[in-house]
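Be aware that the sequence shown starts at 1, since it is given in the working numbering, and climbs by one per residue.
C-beta: ideal position from N, C-alpha, C; glycine also.
Quick caveat: nothing in here was measured; it's all calculated off a predicted structure.
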Amino acid sequence: MQSFINISVQQKLATLTFDRPERKNALRFETYAVLGDWFRQLANTSDIKAVVMTGAEDNFCSGGDVHDIIGPLTQFEMPELLEFTRMTSAVVQAMRACPQPMIAAVDGVCAGAGAALALACDIRFGTARSKTAFLFSRVGLAGCDMGVSTFLPRVIGLGRASELLYSGRAMDGEEAERWGFFNRLCSPDVLLGEAQAFALELANGPTVAHAMTKKMLQQEWNMSLQEALQAEAQAQAMCMTTQDFKRAYQAFVAKTQPVFEGN
């Protein structure tokens with residue numbers, strides 16, 4: 001069975017494309033399995049330093065396919081349902097465990113599980129015409145799928161997240177940028193290029209430091225201030241042992257731009 005995912009790698013940058021345009025890049029059961037496996041392998045890959053996630057032909061991802069996933073789920077018993085929901089959650093867990101920064105390039109429809117995957121990325125670029133909807137409530141499901149109830153309040157605030165998760169309504173791109181869901185709005189014709197250029201800039205940066213930043217941003221959610229300060233002290237001291245830290249200092253002294261090598 002096809003997963004309808006294309007992955008290309010150029011210059012330390014992986015671009016993952018949901019490629020099922022006739023179904024607005026809807027996900028199938030196989031898609032989740034492939035995503036989970038790839039992200040788990042990515043955590044141990046040294047030649048990929050950043051990831052861009054996007055969709056083919058003017059849409060990001062419309063979520064789980066109504067006929068391939070939603071229909072069968074209505075016939076599953078609890079053990080099968082729990083196996084599925086744990087598999088989808090494992091994809092997000094694998095994404096957050098990866099040291100590589102991840103940028104979502106969102107155009108068109110970004111809904112349901114597709115919106116959850118965009119939200120699980122570190123940074124999101126969008127277009128004014130994009131439509132992002134966490135529409136779980138509209139199909140009788142809770143708005144706590146794939147980490148959404150954890151991530152969304154932290155990105156846009158609790159009140160705004162509550163509105164979106166209760167109503168299931170869509171945000172257009174301008175509202176999504178205003179609320180902080182999108183870091184940047186781009187025109188559709190340059191969206192992917194701008195996301196890739198930004199990701200490549202990160203890929204060419206101090207990747208050990210980026211990985212530590214991603215780890216600490218996540219770990220400090222559940223820490224007290226004292227615990228966070230101690231954890232940051234340890235993390236920063238570890239980064240000070242890297243060659244990239246020394247390269248940055250040497251470049252400053254020489255009044256040149258540092259060339260980071262990721263060690």
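Compute the Euclidean distance between the alpha carbons of residue i and residue j, then round it to the nearest angstrom.
{"i": "Gly159", "j": "Thr85", "result": "26 Å"}
{"i": "Pro206", "j": "Ala118", "result": "24 Å"}
{"i": "Ala120", "j": "Phe151", "result": "7 Å"}
{"i": "Asp65", "j": "Glu177", "result": "27 Å"}
{"i": "Ser224", "j": "Lys215", "result": "16 Å"}
{"i": "Leu35", "j": "Thr242", "result": "31 Å"}
{"i": "Ser8", "j": "Gln196", "result": "12 Å"}
{"i": "Gln230", "j": "Glu220", "result": "11 Å"}
{"i": "Phe252", "j": "Asn44", "result": "32 Å"}
{"i": "Gly63", "j": "Gln236", "result": "38 Å"}
{"i": "Met95", "j": "Leu192", "result": "20 Å"}
{"i": "Asn6", "j": "Val52", "result": "12 Å"}
{"i": "Tyr249", "j": "Gly262", "result": "15 Å"}
{"i": "Met171", "j": "Lys131", "result": "6 Å"}
{"i": "Pro101", "j": "Gln10", "result": "15 Å"}
{"i": "Gly143", "j": "Gln226", "result": "32 Å"}
{"i": "Lys255", "j": "Thr127", "result": "38 Å"}
{"i": "Phe18", "j": "Asp68", "result": "16 Å"}
{"i": "Gly147", "j": "Thr15", "result": "23 Å"}
{"i": "Ser137", "j": "Asp145", "result": "10 Å"}
{"i": "Leu280", "j": "Pro79", "result": "Only positions 1 to 263 of the chain appear in the structure, and residue 280 is not among them; the question remains open."}
{"i": "Ala233", "j": "Leu217", "result": "14 Å"}
{"i": "Leu141", "j": "Ala116", "result": "14 Å"}
{"i": "Glu194", "j": "Leu200", "result": "10 Å"}
Residues in the same chain with beta-carbon distance under 7 Å from residue i, minus the five sequence neighbours each way, listed in chain order, please.
{"i": "Asn183", "result": "Ile123, Arg124, Phe125"}
{"i": "Cys239", "result": "Val208, Ala209, Met212, Phe245"}
{"i": "Glu175", "result": "none"}
{"i": "Val259", "result": "Arg247"}
{"i": "Gln257", "result": "Ala251"}
{"i": "Ala90", "result": "Gly36"}
{"i": "Gly173", "result": "Gly126, Thr127, Ala128, Arg129, Ser130, Phe182, Leu185"}
Quick check on the DSSP output: the beta strand (DSSP E) that includes residue i runs from which residue to which?
{"i": "Arg178", "result": "That residue, Arg178, is in no beta strand (DSSP E); its alpha helix (DSSP H) goes 173-178."}
{"i": "Arg169", "result": "Run containing Arg169: none; DSSP gives neither H nor E here."}
{"i": "Ala128", "result": "Careful: Ala128 lies outside any beta strand (DSSP E) and carries neither H nor E."}
{"i": "Asn6", "result": "5-10"}
{"i": "Ile103", "result": "102-106"}
{"i": "Gly55", "result": "50-55"}
Going by DSSP, what residue range makes up the alpha helix (DSSP H) through residue i?
{"i": "Met146", "result": "Neither: Met146 is in no alpha helix (DSSP H) and is coded neither H nor E."}
{"i": "Phe84", "result": "78-97"}
{"i": "Gly114", "result": "113-120"}
Among the residues of its own chain, which have a CB less than 6 Å from the CB of residue i, if the five just before and after it don't count?
{"i": "Met1", "result": "At Met1, the pLDDT of 48 sits below 50, so the modelled position is not reliable and the matter cannot be decided from this model."}
{"i": "Ala203", "result": "Lys12, Leu13, Lys49, Ala50"}
{"i": "Met87", "result": "Tyr32"}
{"i": "Trp179", "result": "Ile156, Arg160"}
{"i": "Leu135", "result": "Ala111, Gly112, Gly168"}
{"i": "Glu163", "result": "none"}
{"i": "Cys61", "result": "Phe18, Asn25, Gly55, Gly114"}
{"i": "Ala97", "result": "Ala43"}
{"i": "Ala228", "result": "Glu220"}
{"i": "Ser3", "result": "Glu30, Thr31, Val34"}
Note down, in chain order, each residue of its chain lying with its Cβ closer than 8 Å to the Cβ of residue i, except the 5 sequence neighbours on either side.
{"i": "Pro265", "result": "As shown, the chain starts at 1 and ends at 263. That puts residue 265 outside it, with no answer to give."}
Exercise. In chain order, which continuous runs of the alpha helix (DSSP H) of length 4 or greater are located wholly inside the segment 196-242?
Worked result: 207-219, 225-239
Problem set entry | Ordered list of beta strand (DSSP E) runs contained in the segment 13-45, each at least 3 residues | 13-18
For this session: Specify whether the segment 71-79 and the segment 39-57 touch according to this definition: at least 3 beta carbon pairs, one from each stretch, less than 8 Å apart.
Result: no
For this session: Evaluate the contact criterion for the segment 99-109 versus the segment 182-198: three or more CB pairs, one atom per stretch, below 8 Å.
Result: yes
Exercise. Does the count of Cβ pairs from the segment 8-26 and the segment 40-59 closer than 8 Å reach three?
Worked result: yes
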